[in-house]
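A.B. asks: Questions regarding the structure given below will be posed in turn.
Protein chains: 2
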Amino acid sequence: MKKLINTPETLVADALTGFAAAHPGLAVDVEARVVTRSARPAAGKVALVSGGGSGHEPLHAGFVGPGMLDAACPGEVFTSPVPDQVLAAARAVDAGAGVVFLVKNYSGDVMNFRLAAELAAEEGVEVRQVLIDDDVAVEDSTWTAGRRGTGATLVVEKTAGALAERGASLEEVAALAAEVNAASRSFALALTAATVPAVGRPGFDLPEDEIEMGVGIHGEPGRRRAPMRPVRELAAEVVETVLADHDLSPGDPVIALVNGLGGTPLLELYVVFGEVHARLAEHGVTIVRSLVGNYVTSLDMAGFSLTLTRADARLLDLWDAPVDTPALRWS
Amino acid sequence: MKKLINTPETLVADALTGFAAAHPGLAVDVEARVVTRSARPAAGKVALVSGGGSGHEPLHAGFVGPGMLDAACPGEVFTSPVPDQVLAAARAVDAGAGVVFLVKNYSGDVMNFRLAAELAAEEGVEVRQVLIDDDVAVEDSTWTAGRRGTGATLVVEKTAGALAERGASLEEVAALAAEVNAASRSFALALTAATVPAVGRPGFDLPEDEIEMGVGIHGEPGRRRAPMRPVRELAAEVVETVLADHDLSPGDPVIALVNGLGGTPLLELYVVFGEVHARLAEHGVTIVRSLVGNYVTSLDMAGFSLTLTRADARLLDLWDAPVDTPALRWS
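Chains X and L, in that order, are what the protein sequence lines are. First residue of the first sequence? That's 11 in my numbering, and the numbers climb one at a time after it. First residue of the second sequence? That's 11 in my numbering, and the numbers climb one at a time after it.
Printed below as a string of structure tokens:
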């Protein structure tokens, strides 16, 4: 294992120290492991908090800023943030209108965010929790009861963040987040496994001519091993798998995220996007907005995920709204 | 070799097809391999054209758009664009005020851009060429007479692009580009070699406990093999190497680019940035603007480069100017 780290034990703190230096417009508490915007939200604005294990960057800290999250809580690598950490984030960003926790569906995350929500409620902070479970690969997995939460997290955080910015109520923001999750489906494949620094070797063995179909963002097993093939065939299978679980009709507009898992270069992701675009067109599904890049990653894993979100005019308007974060920025 | 491609022969065309689908606001001629903005520049605006081998994405096509390049010419992987391609780009974007070619210093690029400039001149298009040669690792290399052009390309393209947008003359834009190149120094190290798809195996062998110090963006040899060490030591050596070649004084503000080479995840790049930031502070050098991410890459190579550009108030103003491209976007 060769990695640009000091020690596995200090990795998350070292990365947060660098993140703080690179983004002086955000407030980074390296000790408490909470990233927030520089100032508490204006009174009456609903606050959005997310978090999860580190190793998925830029998710979530890279999505903190105007138009998106108010706070992120990074745990250790592939390890849930602890309840006290999430509670500290909720305290820091509550502006009297309540806080929405956006929680990817992993057992540890679900438990710790729920405990934090209970503790926050005892302090008078009103919390709504929205579970993200867009990955169609498996019904239950190593670390999950129910489906895993993956790429849709970005779409939920972007659109719910925009709605909160416009002054919507706690119920409205939580409802929108749940609605966007329900309108999203994802599927991923891996060419290589990620290497967790504290473990020091790849999470699974994958021969030179095989891939893992339906892999999770911590390297959880997917549906099956499959032979490596040209990307045209791989992308076609991924598109068919996502569409088979989706309730899209011909003519439906979608937001498409072709997401690298950390070790796949952009050149290849554009090839994937071209294939996905062509296959969807054959089904009469139109990509009206897209992102191509490494956004919801799994350390150094090579591979990609596809997320498709059915997008009505309201959702597109929220997607297009200004955002100013380290990883997503437009106006 | 496992890669998300169809065939090595169709890789660049397939990626450009995907790029076109992902960025409908740009004009992509897949056949001619020229990417331009959707419309010719307004009459009297100086046009900026860059290009080089593919495999360095998002460089250069990802930097086409308002505030940055007018056109990019991607060659085959690690292969210079041909003169006709560059000529076609110059023709497409000349608005009567001339065209600046921003050329990374590699022998093939230098020759082909020069030929294109001569052909353009014969057609009445005035061209200025600016060579980018910021890499302090070696004085001459496999593919270079003189120093190689690497990370500074992004800084030159951003600032010269902003100046052109403000209506500066051909001489002014070319002079600024040369000035920014002269104010920039870079150095890179690799943990792994890139695999060129048409070759099918890594460009060099690097044992599990060694790195290449001073590597080039095509995997050209650097200064020496060195033992793998904690990133604190690696970053310190890179900072010392860059500063030793730079004419920075304590108190000087710099733009810092901590750039991944394609296979290094963002989590590690933030650790690198934290170390670079701390070492520079010890030297009294202040990072006033920064980018952390994969911008000037070498396919799937793991490693990073550091670029430092001395930045006066004028340069910072140009850096901060609005930009709207696939890879850099702010307002």
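Backbone N, C-alpha and C fix where the C-beta goes; we use that ideal spot for every residue, glycine too. Since the structure is predicted, the reported quantities are computational estimates derived from the model, not experimental observations.
#1: Using a Cβ cut-off of 8 Å (strictly closer), state whether X/Ile227 contacts chain L.
#2: Return the CA-CA distance between X/Leu279 and L/Thr17, expressed in angstroms with no decimal places.
#3: Starting from X/Phe111, find everything on chain L with Cβ-Cβ shorter than 7 Å and list it in chain order.
#4: If you reduce the DSSP assignment to three classes, tell me which class X/Thr248 lands in.
#5: Quick check: the region 324-338 of chain X against the region 286-295 of chain X, are at least 3 beta-carbon pairs closer than 8 Å?
#6: Who are X/Ala170's beta bridge partners in DSSP?
#7: List the residues of chain L whose Cβ lies closer than 8 Å to the Cβ of X/Lys114, in chain order.
#8: When DSSP labels each residue in this structure, what does L/Pro51 get in the three-state scheme?
#9: Residues of the region 49-83 of chain L with a CB closer than 8 Å to any CB of chain X: list them in chain order, please.
#10: By alpha-carbon positions, which one of X/Val135, X/Thr163, X/Pro93 ends up nearest to X/Asn115?
#11: Would a check of beta-carbon distances place L/Arg47 closer than 8 Å to chain X?
#12: Quick one: what does DSSP say X/Glu41 is sitting in, helix, strand or coil?
#13: Provide the residue span of the beta strand (DSSP E) that contains X/Met223, from first to last.
#14: Can you give me the Cβ contacts of L/Thr296 inside the same chain, cut-off strictly under 6 Å, excluding the 5 residues immediately before and after it?
#15: For L/Glu149, which option in L/Val282, L/Val92, L/Thr202, L/Gly226 has the closest C-alpha, if you only look at C-alpha atoms?
#16: With a threshold of 8 Å between beta carbons, is X/Met238 in contact with chain L?
#17: At the level of alpha carbons, what is the spacing between X/Asp255 and X/Arg324?
#18: So, is the C-beta of X/Ser90 closer than 8 Å to a C-beta in chain L?
#19: Under the DSSP definition of a beta bridge, which residues are partnered with X/Phe283?
#20: Quick check for students: name the residue ranges of the beta strand (DSSP E) that lie wholly in the region 108-178 of chain L, counting only runs of 3 or more.
#21: For X/Gly257, is the classification buried or exposed, using 16 other Cβ atoms within 10 angstroms of its Cβ as the cut-off for buried?
#22: Strictly below 9 Å CB to CB, what residues from chain X border L/Asn122?
#23: Could you work out which residues of chain L lie near X/Ser341, taking near to mean beta carbons separated by less than 7 Å?
#24: Is X/Gly85 near X/Pro93, with beta carbons less than 8 Å apart?
#25: Verify the CB distance criterion: does X/Val302 have a CB-CB separation below 8 Å to chain L?
#26: Please list, in chain order, all residues of the same chain as L/Gly294 whose beta carbon is under 7 Å from its beta carbon, the five residues on each side excluded.
#27: Report the residue from L/Val56, L/Val96, L/Leu69 whose alpha carbon sits nearest the alpha carbon of L/Val306.
#28: Roughly how many angstroms lie between the CA atoms of X/Val165 and L/Leu14, to the nearest whole one?
#29: Measuring only between beta-carbons, confirm whether X/Arg211 sits less than 8 Å from chain L.
#30: Hey, does L/Glu278 have any beta-carbon neighbour from chain X nearer than 8 Å?
#31: Name the chain X residues that come within less than 8 Å of L/Arg5, Cβ to Cβ?
#32: Any idea which residues DSSP pairs L/Thr317 with across the strands?
#33: Any C-beta of chain X sitting closer than 8 Å to the C-beta of L/Ala246?
#34: Checking the sheet assignment: what are the DSSP bridge partners for L/Val87?
#35: Using a Cβ cut-off of 8 Å (strictly closer), state whether X/His293 contacts chain L.
#36: Kindly indicate if chain A contains any beta-carbon less than 8 Å away from that of X/Glu132.
C.D. replies: To lay it out plainly:
#1: In the first sequence, the residue the question calls residue 227 of chain X occupies position 217. Closer than 8 Å: no.
#2: Here residue 279 of chain X refers to the residue found at position 269 of the first sequence. Here residue 17 of chain L refers to the residue found at position 7 of the second sequence. Rounded to the nearest angstrom, the two C-alpha atoms are 15 Å apart.
#3: Stepping through the first sequence from its first residue, residue 111 of chain X is reached at position 101. Within chain L, no residue comes near X/Phe111; the closest Cβ sits about 23 Å away, beyond 7 Å.
#4: By one-based count along the first sequence, residue 248 of chain X stands at place 238. Checking the sequence, you will find Val at residue 248 of chain X rather than Thr. The answer is helix: DSSP assigns X/Val248 an H, G or I state.
#5: no
#6: Residue mapping note: residue 170 of chain X aligns to position 160 of the first sequence, counting from 1. The partner list for X/Ala170 (beta bridge, DSSP) is empty, contrary to what the question assumes.
#7: Here residue 114 of chain X is taken as the residue at index 104 of the first sequence, counted from 1. The premise fails here: X/Lys114 is roughly 17 Å from chain L at the closest Cβ pair, so nothing lies under 8 Å.
#8: In the second sequence, counting from the first residue as 1, residue 51 of chain L sits at position 41. In the structure shown, L/Pro51 sits in coil (DSSP, three-state: anything other than H, G, I, E or B).
#9: Ser64, Gly65, Glu67, Pro68, Gly72
#10: Within the first sequence, the letter at position 105 stands for residue 115 of chain X. Looking at the Cα atoms, X/Thr163 is the closest of the given residues.
#11: Residue mapping note: residue 47 of chain L aligns to position 37 of the second sequence, counting from 1. Taking Cβ atoms only, chain X never reaches closer than 8 Å to L/Arg47, which makes this a no.
#12: Within the first sequence, the letter at position 31 stands for residue 41 of chain X. Three-state result, X/Glu41: coil.
#13: Locating residue 223 of chain X in the first sequence gives position 213, counting from the first residue. 220-223 is the extent of the beta strand (DSSP E) around X/Met223.
#14: Here the question's residue 296 of chain L lines up with position 286 in the second sequence. Answer for L/Thr296: Pro263, listed in chain order.
#15: Looking up residue 149 of chain L in the second sequence gives position 139. Nearest option by C-alpha distance: L/Gly226.
#16: Looking up residue 238 of chain X in the first sequence gives position 228. Yes, because at least one Cβ of chain L sits closer than 8 Å to the Cβ of X/Met238.
#17: As a first step, residue 255 of chain X is located in the first sequence; it is residue number 245 there, counting from the start. As a first step, residue 324 of chain X is located in the first sequence; it is residue number 314 there, counting from the start. Each residue's Cα considered, the two are about 23 Å apart.
#18: The residue labelled residue 90 of chain X in the question sits at position 80 within the first sequence. Answer no: the Cβ-Cβ gap between X/Ser90 and chain L never drops below 8 Å.
#19: Working through the first sequence from its first residue, we reach residue 283 of chain X at position 273. Paired residues: none, contrary to the question.
#20: 109-114, 137-142
#21: Taking the first residue of the first sequence as 1, we reach residue 257 of chain X at position 247. Rather than Gly, the amino acid found at residue 257 of chain X in this sequence is Asp. Its Cβ having fewer than 16 others within 10 Å, X/Asp257 is exposed.
#22: Position 112 of the second sequence, counted from the first residue, corresponds to residue 122 of chain L. Those within 9 Å of L/Asn122 in chain X number zero; the least Cβ separation is about 21 Å.
#23: For the purposes of this step, residue 341 of chain X is taken as the residue at position 331 of the first sequence. The answer, in chain order, is Ser341.
#24: The count along the first sequence starts at 1 and reaches residue 85 of chain X at position 75. The count along the first sequence starts at 1 and reaches residue 93 of chain X at position 83. Not closer than 8 Å, so no.
#25: Mapped onto the first sequence, residue 302 of chain X falls at position 292. It does: the Cβ of X/Val302 has a partner Cβ on chain L nearer than 8 Å.
#26: To locate residue 294 of chain L, count along the second sequence from 1; it is residue 284. Correct list, in chain order: Pro260, Gly261.
#27: Here residue 306 of chain L refers to the residue found at position 296 when the second sequence is read from its first residue. Residue L/Leu69 is the option with its Cα nearest to L/Val306.
#28: In the first sequence, counting from the first residue as 1, residue 165 of chain X sits at position 155. In the second sequence, counting from the first residue as 1, residue 14 of chain L sits at position 4. Those two C-alpha atoms are separated by around 24 Å.
#29: Locating residue 211 of chain X in the first sequence gives position 201, where the first residue counts as 1. False, the Cβ-Cβ gap to chain L never drops below 8 Å.
#30: As a first step, residue 278 of chain L is located in the second sequence; it is residue number 268 there, counting from the start. By this cut-off, L/Glu278 is an interface position.
#31: With chain L running from 11 to 341 in the structure shown, residue 5 of chain L is simply not present.
#32: To locate residue 317 of chain L, count along the second sequence from 1; it is residue 307. Paired residues: L/Ser196, L/Leu267.
#33: One-based indexing of the second sequence puts residue 246 of chain L at position 236. No, L/Ala246 lies away from the interface with chain X (no Cβ there is under 8 Å from its Cβ).
#34: By one-based count along the second sequence, residue 87 of chain L stands at place 77. DSSP output for L/Val87 lists L/Ser64 as bridge partner(s).
#35: Position 283 of the first sequence, counted from the first residue, corresponds to residue 293 of chain X. Taking Cβ atoms only, chain L never reaches closer than 8 Å to X/His293, which makes this a no.
#36: Absent from the structure: chain A. Protein chains present are X and L.
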